[in-house]
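Just so we're aligned: 518 in full-length UniProt numbering is position 518 of the sequence shown, and the numbers increase by one with no gaps anywhere. Glycine included, each C-beta is placed from N, C-alpha and C at the ideal position. Shown next, in structure tokens, is the structure this report addresses.
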Amino acid sequence: MSDYLVIVESPAKAKTIERYLGKKYKVKASMGHIRDLPRSQMGVNVEENYEPKYITIRGKGPVLKDLKTAAKKAKKVFLAADPDREGEAIAWHLAHSLDVDVNSDCRVVFNEITKDAIKESFKHPRPINMDLVDAQQARRVLDRLVGYNISPLFWKKVKKGLSAGRVQSVAVRLIIDRENEIKKFIPEEYWSIEGDFKKNKERFQASFYGLNDKKAKLSNKDDVDSIMNKLNGDTFLVESVEKKERKRNPALPFTTSSLQQEAARKLNFRAKKTMMLAQQLYEGIAIGKEGTVGLITYMRTDSTRISEVAQKETAEYIEAKFGKDFLKYSNQKEKKQTNAQDAHEAIRPTSTLRNPDSVKAYLSRDQYRLYKLIWDRFVASQMAPAVMDTMAVTLKNGEVYFRANGSKIKFPGFMKVYVEGTDDQQEEKENMLPELVVGDKVNAEKLVPKQHFTQPPPRYTEARLVKTLEELGIGRPSTYAPTLDTIQKRGYVALDNKRFVPTELGEIVHEIMMEFFPEVIDVEFTAKMENELDEIEEGKIKWVSIIDEFYRDFEKNLKKAEKEMQEVEIKDEYAGEDCENCGNPMVIKMGRFGKFMACSNFPDCRNTKPIVKEIGVKCPKCKEGNIIERKSKKKRIFYGCDRYPSCDFVSWDKPLERPCPKCSGVLVEKKLKKGIQVQCTECDYKEKHVQ
């Protein structure tokens with residue numbers, strides 16, 4: 001018989017912790033929540049202070065029975081769920097079900113699953129924090145009141161299976177607002193003049209700046225012609241040379257949001273995948289003789305704080321690996337985000353000494369890539385700034401001025417390990433200028449006018465949407481991934497070239513929400529609600545008062561919607577072909593895994609088939625079939641002949657209709673990290689890639 005029972009959420013976590021605690025401790029898993037609101041009814045008594053009605057989750061009966069048996073045999077029960085609101089609520093539900101006194105020292109929290117952290121946490125057990133529980137309970141009740149009141153209306157008036165949630169509705173609104181901005185955008189013409197210059201044998205580039213050292217805008221071809229006519233020959237005088245030393249600081253360690261953004265940019269991971277892999281790294285991986293060990297700290301956090309122990313260990317590693325010059329300056333200060341709860345540390349490796357290469361053999365490819373990203377970012381964050389030598393040169397020809405900027409790395413600092421990615425620009429590269437002094441003369445070998453047009457704001461990628469939600473104060477670390485997943489599963493948005501576009505269904509639901517429930521999708525209102533949930537956690541306000549303040553106005557809007565909302569008919573879109581079984585037209589339907597074709601004579605005819613997307617290219621192999629877009633089991637797009645299996649042509653890259661001008665082979669569009677490269681599959685022909 002074990003003296004102590006410890007309850008965590010997952011079996012992987014239980015296995016790791018039990019090994020650290022020894023024989024006196026039995027560690028079991030609750031498999032997440034064991035109680036929740038019922039799925040078949042509202043489960044919130046609006047008349048009795050919004051009292052929630054909790055029941056044992058279906059299927060959790062045997063788990064609860066096993067935990068009760070183990071709890072009766074143990075001298076003491078410790079509840080060790082995750083160190084956040086959700087974890088505190090799980091612990092509270094367990095305490096209620098197992099007759100554990102919530103005011104006793106039954107709650108144990110730790111930020112990392114390592115031997116030292118686990119043993120230290122068990123020296124400082126505490127009572128369950130009811131403010132944290134209330135904050136989670138308020139969110140759950142609030143979301144239930146919104147979802148279980150609005151969703152039935154949508155089922156009745158629009159389509160069955162629809163839902164409306166607070167955070168997901170705001171996310172859809174942001175995507176639709178951005179799409180409307182793009183539709184309304186009117187491009188403006190502008191021009192630039194790019195020059196290739198030469199001093200002796202050294203070449204460099206400079207761009208038109210203005211007239212008489214004042215910046216001038218080139219709006220059209222006439223402006224360009226006017227500037228070109230003002231030039232007096234090809235010789236330019238070096239008017240000014242400005243040299244500076246610039247410091248570039250490393251990025252801060254990862255929060256949940258920044259991890260999801262960077263994993264999307266650098267690893268092409270969806271937010272859901274990033275969090276799944278991070279959970280595995282946190283809960284523990286078997287590392288040879290070392291056994292199962294948690295490789296990273298808790299992955300749901302909005303803090304960039306780092307413990308002194310971790311800082312010291314990392315400083316020693318950096319000094320030994322790179323030298324003293326690469327150590328972070330002691331007076332460097334980190335900014336704390338204004339709405340950060342700062343409950344626990346940033347996401348970091350549990351030990352810097354466990355570098356990615358030392359554990360690579362024990363990790364899957366994706367686990368390794370994410371661990372390396374976290375390790376690199378954290379180590380770089382503790383290193384010295386990079387030092388850049390910059391040079392700005394002004395060139396003069398009469399009253400026409402050109403400017404050139406160059407930079408080179410004087411001291412790499414943190415860049416030796418890691419450089420943060422960006423959504424829109426390429427990573428910083430060195431751009432060397434020749435040694436120039438005032439009075440030097442240089443020759444313009446070529447001046448090329450270029451026409452440009454202003455671009456509309458970009459559609460949201462997952463990374464950009466997560467960043468925007470965080471900046472607006474919408475949702476919290478644990479909500480980003482499930483929110484993005486939900487709006488796609490419901491069919492409100494779709495991904496086109498990894499960017500969100502609203503669907504017709506999403507726009508219909510959004511219009512209804514705007515008309516009848518404007519506060520639910522109001523960005524400021526939702527951010528204010530998040531702040532109030534934080535205040536509940538801090539014990540400043542009571543959760544019932546927040547729910548009541550919201551529900552009084554919400555109930556009025558609900559009654560109005562029930563009376564005034566018109567039924568919306570979403571007509572089936574005809575697929576342009578007839579059913580081969582019964583001859584009736586085929587229509588396009590939205591299913592769990594996207595759009596498909598179905599017979600309009602359903603349920604008498606149940607014929608369905610996938611939608612075939614032709615790309616307008618003849619098969620280069622059989623010359624008879626057409627190339628169509630397909631999806632693999634893992635939802636990755638590839639291209640194949642529609643005569644399969646008679647013709648087995650397949651390609652991951654999109655084939656083009658025109659042949660290679662060099663060898664008449666097949667040209668394909670190859671997707672790069674920054675744009676598309678057209679290249680031949682049979683020779684070395686390549687075209688300049690498009691951004």
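Please list, in chain order, all residues of the same chain as residue i whose beta carbon is under 6 angstroms from its beta carbon, the five residues on each side excluded.
| i | result |
| --- | --- |
| F269 | A263 |
| K243 | M391 |
| A286 | T292 |
| K336 | Residue confidence is low: K336 scores 48 on pLDDT, short of 50, so the model does not pin down where it sits. No coordinate-derived value is stated. |
By alpha-carbon positions, which one of the options ends up nearest to residue i?
| i | options | result |
| --- | --- | --- |
| E245 | V417, I508, A386 and R300 | A386 |
| P659 | C619, G294, L505 and R58 | C619 |
| H93 | S407, K53, I113 and R552 | K53 |
| P187 | D604, M597 and T454 | T454 |
| G406 | E290, M383, K396 and E435 | E435 |
| S258 | M415, V309, T468 and V146 | T468 |
| L505 | Q488, L218, E519 and N497 | Q488 |
| F517 | V170, K23 and A71 | V170 |
| M275 | V293, L252 and T301 | T301 |
| A135 | K13, R403 and I541 | I541 |
| Q279 | K266, Q261, G288 and T256 | T256 |
| R464 | D99, T483, R499 and D376 | R499 |
| C622 | E555, K416 and V666 | V666 |
| E239 | I118, R369, F402 and N220 | F402 |
| P482 | L395, T422, Q260 and C579 | Q260 |
Determine the DSSP secondary structure at residue i, reduced to helix, strand or coil.
| i | result |
| --- | --- |
| G195 | strand |
| K446 | strand |
| A598 | strand |
| E9 | coil |
| R144 | helix |
| P52 | strand |
| I547 | helix |
| E427 | Below a pLDDT of 50, predicted positions are generally treated as unreliable, and E427, at 48, falls in that range; no measurement from the model is reported. |
| L98 | coil |
| Q677 | strand |
| I227 | helix |
| V417 | coil |
| N232 | coil |
According to DSSP, residue i sits in a beta bridge with which residue or residues?
| i | result |
| --- | --- |
| T297 | The partner list for T297 (beta bridge, DSSP) is empty, contrary to what the question assumes. |
| residue 773 | The structure shown has nothing for residue 773, since the chain only spans 1 to 691. |
| F645 | Per the sequence presented here, residue 645 reads as Pro, with Phe not at that position. Looking at the DSSP assignment, P645 forms no beta bridge with any residue, so it has no partner. |
| S207 | E194 and R403 |
| T582 | Per the sequence shown, the amino acid found at residue 582 is Cys instead of Thr. DSSP output for C582 lists no bridge partner at all. |
| R499 | D496 |
| R107 | L79 and R126 |
| A286 | T292 |
| P451 | Looking at the sequence provided, one finds Gln at residue 451 rather than Pro. BP columns for Q451 point to W191. |
| N327 | Per the sequence shown, the amino acid found at residue 327 is Leu instead of Asn. Note: L327 sits in a beta bridge opposite M383. |
| K542 | Answer is none; K542 lacks a bridge partner. |
Along the chain, where does the alpha helix (DSSP H) that runs through residue i open and close?
| i | result |
| --- | --- |
| T483 | Y480 to K489 |
| R476 | That residue, R476, is in no alpha helix (DSSP H); it is neither H nor E in DSSP. |
| R166 | R166 to K184 |
| P518 | No alpha helix (DSSP H) contains P518, which DSSP labels as neither H nor E. |
| F236 | Careful: F236 lies outside any alpha helix (DSSP H), inside the beta strand (DSSP E) at T235 to R248. |
| I615 | No alpha helix (DSSP H) contains I615, which is instead part of the beta strand (DSSP E) from K613 to K618. |
| R305 | It is not in any alpha helix (DSSP H) - R305 carries neither H nor E in the DSSP assignment. |
| F276 | What sits at residue 276 in the sequence shown is Met, not Phe. Residues A271 to E283. |
| N626 | N626 -> not in any alpha helix (DSSP H); beta strand (DSSP E) instead, spanning N626 to K631. |
| E112 | No alpha helix (DSSP H) contains E112, which DSSP labels as neither H nor E. |
| V63 | G61 to K73 |
| K266 | T256 to L267 |
| T526 | V523 to E537 |
| D357 | P356 to V359 |
Once the 5 residues before and after residue i are set aside, which same chain residues still bring their CB inside 7 angstroms of it?
| i | result |
| --- | --- |
| F638 | R630, S632, V650, S651 and W652 |
| R178 | P457, R459 and Y460 |
For residue i, report the span of its beta strand (DSSP E) as first-last.
| i | result |
| --- | --- |
| L465 | From DSSP, L465 is part of no beta strand (DSSP E) but of the alpha helix (DSSP H) over E462 to L472. |
| V77 | K76 to L79 |
| K670 | V666 to L672 |
| P610 | T608 to P610 |
| Q390 | As written in the sequence, residue 390 is Thr, which differs from the Gln given in the question. Residues A386 to N397. |
| V27 | Y25 to A29 |
Spatial neighbours of residue i within its chain, please: C-beta separation below 8 angstroms, excluding the five flanking residues on both sides.
| i | result |
| --- | --- |
| K215 | Y209 |
| V224 | W191, I193, L218 and P449 |
| D131 | I536, E537, E538 and G539 |
| I296 | E112, A278, L281, Y282, I347, R348, P349, T350, Y371 and I374 |
| N339 | In this prediction, N339 has a pLDDT of 47, which is less than 50 and means its spatial position is unreliable; nothing more can be read from the coordinates. |
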